[in-house]
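Here is the structure we will look at.
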Amino acid sequence: MIFLATLPLFWIMISASRGGHWGAWMPSTISAFEGTCVSIPCRFDFPDELRPAVVHGVWYFNSPYPKNYPPVVFKSRTQVVHESFQGRSRLLGDLGLRNCTLLLSTLSPELGGKYYFRGDLGGYNQYTFSEHSILDIVNTPNIVVPPEVVAGTEVEVSCMVPDNCPELRPELSWLGHEGLGEPTVLGRLREDEGTWVQVSLLHFVPTREANGHRLGCQAAFPNTTLQFEGYASLDVKYPPVIVEMNSSVEAIEGSHVSLLCGADSNPPPLLTWMRDGMVLREAVAESLYLDLEEVTPGEDGVYACLAENAYGQDNRTVELSVMYAPWKPTVNGTVVAIEGETVSILCSTQSNPDPILTIFKEKQILATVIYESQLQLELPAVTPEDDGEYWCVAENQYGQRATAFNLSVEFAPIILLESHCAAARDTVQCLCVVKSNPEPSVAFELPSRNVTVNETEREFVYSERSGLLLTSILTIRGQAQAPPRVICTSRNLYGTQSLELPFQGAHRLMWAKIGPVGAVVAFAILIAIVCYITQTRRKKNVTESSSFSGGDNPHVLYSPEFRISGAPDKYESREVSTRDCH
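Heads up: the sequence shown is residues -19 to -1, 1 to 563, going by mature numbering (1 follows the signal peptide of the UniProt record, and there is no 0).
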């Protein structure tokens, strides 16, 4: 807002009080448009005891001292003036009334400067006043804009022009103010040093779009060609608005990603890239890039750009989606189950996009889901057939990963129907094949001889395990009588099963089941059996020396006709010596 003085004219004084002293009063500065005129108001005083008949005066330009021969602007005695002021200067005031007001016409730039007045009362009563008035020749209106213009807050802009020429009065108009508001003309106002100005005001509420707008003011003098224009650019302060930013970004793992954030504000904003509250990069700039080299899935997420200055802030986010192949699936769930239980297995992975998940067993698809990160496999009432190796496979367009896992089903022993005994010549082989988990114990019972041999006594029974199958073989040689009854019993912590082994024809031996190595082992077992029985009987003082007549003896496994493969065709009656066991 412009405040113009309404107090009486202020004069520059060289004396402490009026009357009785030399003194002069004039504006320290005064302005006028080029080509117009200017009236410099002036008053002076002198001591009261001086009573001159006539009062004269002289105006000098740029120097108060006559000895320096300054240009004479006006001289009342002779009317002789410097050529620069010929026809341009005249006195408006009455020197007798102590009024020294000067009028200068047809102003040009070279007339701008200091003007001094000298009072001449005759004789030695002459005095050059050191105080002076500075004339400023202008050619543009003065547009006054507040030091801070903020968007959304009403502002007052003024156009001020000097109005110190009594012969020409300026008229003001605004240029480029469309959309800003209607001007208010205050008219001619006096300033505090007695000079005059024409003032026009413009009130408006600026927007951010008005920043940099060129606002003009024109001063025109009617009935002349004189016209002056002045301009001012609006510096509108406003908070940031983010105007440029990536939309959602998809990038393949390992590629380069560049995120851009641009904001419009005045003054320029502080731009900050953030993720999860952590500052990644910041700078005072109109735009800021965030470069991510060889992106990883860990950099997937939401990135925020914050723009701020002293007038406010703005923020926006962008989502970065890193596309990558599935990670190796993880399996969480039951891997050991008891027959009849329900098994639940969860296979999960991470990928982008979500994968196709499939669970296989022996190339058979058991479960699958599309575009999900987890797959649940439910096996109600598991059976031994569910035991085995499974695969969980995850795949998308960027790759495939797989994980193998084993399901172990525990169940009571099952003696398979292929278990049997077979006789050939004087040899009986009994095969007991058991399916079980965990591994069972196996025992062979010969009820007729009241003998039980289990597979832990490896000198009697040969056993071999393959997967869930346990194969145990009992071999009897020297059996000339009818084949004995043989019962196979298998047990583990879940149960027991017994089966009397059926006899098959003599056309097939079971050596093929175990191969040459098994044959040698079985042969060694038979030797050990004979030695064991012999030593046992000797310890019990059994003195039969002619033959093995075990009969119903509960400790005898073999009949008198038993023989080791490779012994003489006819069994010779003799007492078994411990020498035969070495």
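Even glycine gets a Cβ: it sits at the ideal position worked out from N, Cα and C. Since we're looking at a predicted model, the values are computed, not measured.
DSSP-derived helix/strand/coil call for residue 172: If you number the sequence shown from 1, residue 172 lands on position 191. Look at residue 172 here: in three-state DSSP terms it is coil, with no helix or strand label.
Span of the beta strand (DSSP E) around residue 478: Walking along the sequence shown from the start, residue 478 turns up at place 497. From DSSP, the beta strand (DSSP E) with residue 478 extends over 476 to 481.
Reduced DSSP secondary structure (H/G/I, E/B, other) of residue 77: Taking the first residue of the sequence shown as position 1, residue 77 is located at position 96. Residue 77 falls in the helix class under three-state DSSP.
Any 3 or more C-beta pairs closer than 8 Å across the region 167 to 174 and the region 222 to 233: no
Residue 259, buried or exposed, once every other Cβ within 10 Å from all chains shown has been counted against 16: As a working note, residue 259 is residue 278 in the sequence shown. Result: exposed.
Identity of the residue in 187, 389, 37 nearest residue 102 by Cα: Position 121 of the sequence shown, counted from the first residue, corresponds to residue 102. With distances taken between Cα atoms, residue 102 lies closest to 37.
Element boundaries [beta strand (DSSP E), containing residue 226]: Sequence index remark: in the sequence shown, residue 226 carries index 245 (1-based). Note, residue 226: beta strand (DSSP E), 217 to 226.
Straight-line Cα distance separating residue 236 from residue 473: Start at 1 with the first residue of the sequence shown, and residue 473 comes out as number 492. Start at 1 with the first residue of the sequence shown, and residue 236 comes out as number 255. So the two alpha carbons sit approximately 58 Å from each other.
Nearest-angstrom beta carbon gap, residue 328 and residue 373 [assumed within contact, 8 Å]: Taking the sequence shown and counting its residues from 1, the one referred to as residue 373 is at position 392. Taking the sequence shown and counting its residues from 1, the one referred to as residue 328 is at position 347. Between residue 328 and residue 373 the Cβ distance is about 4 Å, and since that is below 8 Å, they are a contact.
Through-space distance from residue 190 to residue 282, alpha-carbon basis: As a position in the sequence shown, residue 282 is number 301, starting the count at 1. As a position in the sequence shown, residue 190 is number 209, starting the count at 1. Between residue 282 and residue 190, the C-alpha separation is close to 35 Å.
DSSP bridge partner residues for residue 211 (one or two, in chain order): Along the sequence shown, one-based indexing puts residue 211 at 230. Note: residue 211 sits in a beta bridge opposite 198.
Per-residue burial, residue 113 [other beta carbons within 10 Å of its own, 16 or more giving buried]: The count along the sequence shown starts at 1 and reaches residue 113 at position 132. The residue is buried, with at least 16 neighbouring Cβ atoms inside 10 Å.
DSSP state of residue 538 mapped onto helix, strand, coil: The residue given as residue 538 occupies position 557 in the sequence shown. Low local confidence applies: a pLDDT of 40 at residue 538 is under 50, so the model's placement there is unreliable, with the coordinate-based value given in what follows. Coil.
Inter-residue Cα distance where the pair is residue 174 and residue 12: Indexing the sequence shown from 1 puts residue 174 at position 193. Indexing the sequence shown from 1 puts residue 12 at position 31. Whole-angstrom Cα-Cα distance: 12 Å.
Contacting residues, own chain, Cβ-Cβ under 6 Å from residue 386 (five flanking each side not counted): Your numbering for residue 386 matches position 405 in the sequence shown. Taken in chain order, the residues that qualify are 312, 371.
Whether residue 148 touches residue 18 by CB criterion (8 Å): For the purposes of this step, residue 148 is identified with residue 167 of the sequence shown, where counting begins at 1. For the purposes of this step, residue 18 is identified with residue 37 of the sequence shown, where counting begins at 1. Yes; because the gap between Cβ atoms is below 8 Å, this pair is in contact.
Cutoff 6 Å; reference residue 317; Cβ partners in own chain excluding five residues on either side: Indexing the sequence shown from 1 puts residue 317 at position 336. The residues are 389.
Strand pairing of residue 381, partner residues [DSSP]: Within the sequence shown, the letter at position 400 stands for residue 381. In the DSSP output, where bridge partners are listed per residue, residue 381 has 376.
Beta strand (DSSP E) runs contained entirely in the region 239 to 295, provided each spans 3 or more residues: 251 to 256, 259 to 265, 268 to 273, 282 to 290
Close Cβ partners of residue 228 (< 8 Å) along its chain, the five nearest in sequence each way excluded: Indexing the sequence shown from 1 puts residue 228 at position 247. Same-chain partners within the cutoff: 299.
Option in 183, 215, 185, 233 with minimal Cα separation from residue 334: By 1-based counting over the sequence shown, the position of residue 334 is 353. Among 183, 215, 185, 233, the Cα nearest to that of residue 334 is on 233.
Three or more C-beta pairs below 8 Å linking the region 411 to 427 and the region 436 to 455: yes
Test item: CB-CB of residue 337 and residue 347 under 8 Å: Position 356 of the sequence shown holds residue 337. Position 366 of the sequence shown holds residue 347. Result no, Cβ atoms of residue 337 and residue 347 do not sit closer than 8 Å.
Close-in-space but distant-in-sequence residues of the same chain around residue 365 (CB under 8 Å, 5 per side omitted): Taking the sequence shown and counting its residues from 1, the one referred to as residue 365 is at position 384. Cβ within range, chain order: 320, 390, 392, 395, 416, 418, 449.
Cβ contact check for the region 25 to 34 and the region 83 to 96: 3 or more pairs under 8 Å: no
Neighbourhood of residue 238 by C-beta, 7 Å cutoff - its chain only, sequence neighbours within 5 removed: Walking along the sequence shown from the start, residue 238 turns up at place 257. Excluding sequence neighbours, residue 238 sits near 230, 232, 273, 276, 301.
Coil, strand or helix - residue 466 by DSSP: The residue labelled residue 466 in the question sits at position 485 within the sequence shown. Residue 466 falls in the coil class under three-state DSSP.
Every unbroken beta strand (DSSP E) within the region 371 to 451, with a cutoff of 3 residues, ordered by chain: 380 to 396, 401 to 405, 408 to 418, 422 to 427, 432 to 435, 442 to 447
Same chain, Cβ closer than 8 Å to residue 433, five either side skipped, listed in chain order: Here the question's residue 433 lines up with position 452 in the sequence shown. So the list reads 424, 425, 426, 427, once near-sequence residues are dropped.
Run of the beta strand (DSSP E) containing residue 41, from where it starts to where it stops: In the sequence shown, residue 41 corresponds to position 60, counting from 1. 37 to 42 is the extent of the beta strand (DSSP E) around residue 41.
Distance CB(residue 179)-CB(residue 144) smaller than 8 Å: Reading the sequence shown from its first residue, position 198 is the one you call residue 179. Reading the sequence shown from its first residue, position 163 is the one you call residue 144. A contact, by the Cβ cut-off of 8 Å.
Cβ distance (whole Å) where residue 211 is taken to contact residue 124 below 8 Å: Here residue 211 refers to the residue found at position 230 of the sequence shown. Here residue 124 refers to the residue found at position 143 of the sequence shown. Between residue 124 and residue 211 the Cβ distance is about 5 Å, and since that is below 8 Å, they are a contact.
C-alpha gap between residue 100 and residue 135, whole angstroms: Walking along the sequence shown from the start, residue 100 turns up at place 119. Walking along the sequence shown from the start, residue 135 turns up at place 154. Using only the alpha carbons, I get a separation of about 52 Å.
First and last residue of the uninterrupted beta strand (DSSP E) at residue 357: Mapped onto the sequence shown, residue 357 falls at position 376. Looking at the DSSP string, the run of the beta strand (DSSP E) that includes residue 357 is 355 to 360.
Whole-angstrom distance between residue 326 and residue 564, CA atom to CA atom: For the chain, the structure presents residues -19 to 563; residue 564 sits outside this window and is missing.
First through last residue of the beta strand (DSSP E) which encompasses residue 3: As a working note, residue 3 is residue 22 in the sequence shown. Neither: residue 3 is in no beta strand (DSSP E) and is coded neither H nor E.
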